[in-house]
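Numbering (full-length UniProt numbering), first residue to last: 1 to 107.
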């Protein structure tokens with residue numbers, strides 16, 4: 001072939017929106033967390049994971065990769081350690097709504 005027959009065909013425009021990740025407002029977050037039944041260990045685990053992601057903006061991979069020792073107390077404040085895909089660690093204090101719940105039972 002002397003030329004590419006698809007050269008004149010244009011594909012769809014690719015648009016990247018930076019910083020447009022939707023965030024739950026406080027009422028929606030509260031409604032979501034209150035809708036989770038807390039009668040079983042599985043539902044408590046799910047509520048803890050969703051709470052962690054809401055209050056710390058943690059991606060699901062970092063939340064699932066946590067170990068018990070990644071929740072710790074420092075200066076009377078509860079902290080969490082998150083590890084990203086590149087094994088880069090982030091340490092941050094817990095939001096007061098997150099710290100008063102499920103995670104305090106581990107310490």
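Where is the CB? At the ideal position from N, CA and C, for every residue including glycine.
Per DSSP, residue 24 lies in no alpha helix (DSSP H) segment and is marked neither H nor E. For residue 66, the three-state secondary structure derived from DSSP is coil.
With the rule of 3 Cβ pairs closer than 8 angstroms, the stretch 65-72 counts as touching the stretch 80-87. A check of alpha carbon separations from residue 86 across 59, 26 and 15 identifies 59 as the nearest. With contacts defined by Cβ atoms closer than 9 angstroms, residue 43 and residue 37 form a contacting pair. Here DSSP, grouped into helix, strand and coil, assigns residue 9 to coil. When DSSP states are grouped into helix, strand and coil, residue 83 belongs to the strand group. The shortest CA-to-CA distance from residue 62 to any of 90, 4, 28 and 24 is the one to 90. Boundaries around residue 92 are those of the beta strand (DSSP E), 89-93, since no alpha helix (DSSP H) includes it. Counting only the Cα atoms, residue 15 lies some 26 angstroms from residue 5. For residue 38, no beta strand (DSSP E) segment is defined, and its DSSP state is neither H nor E.
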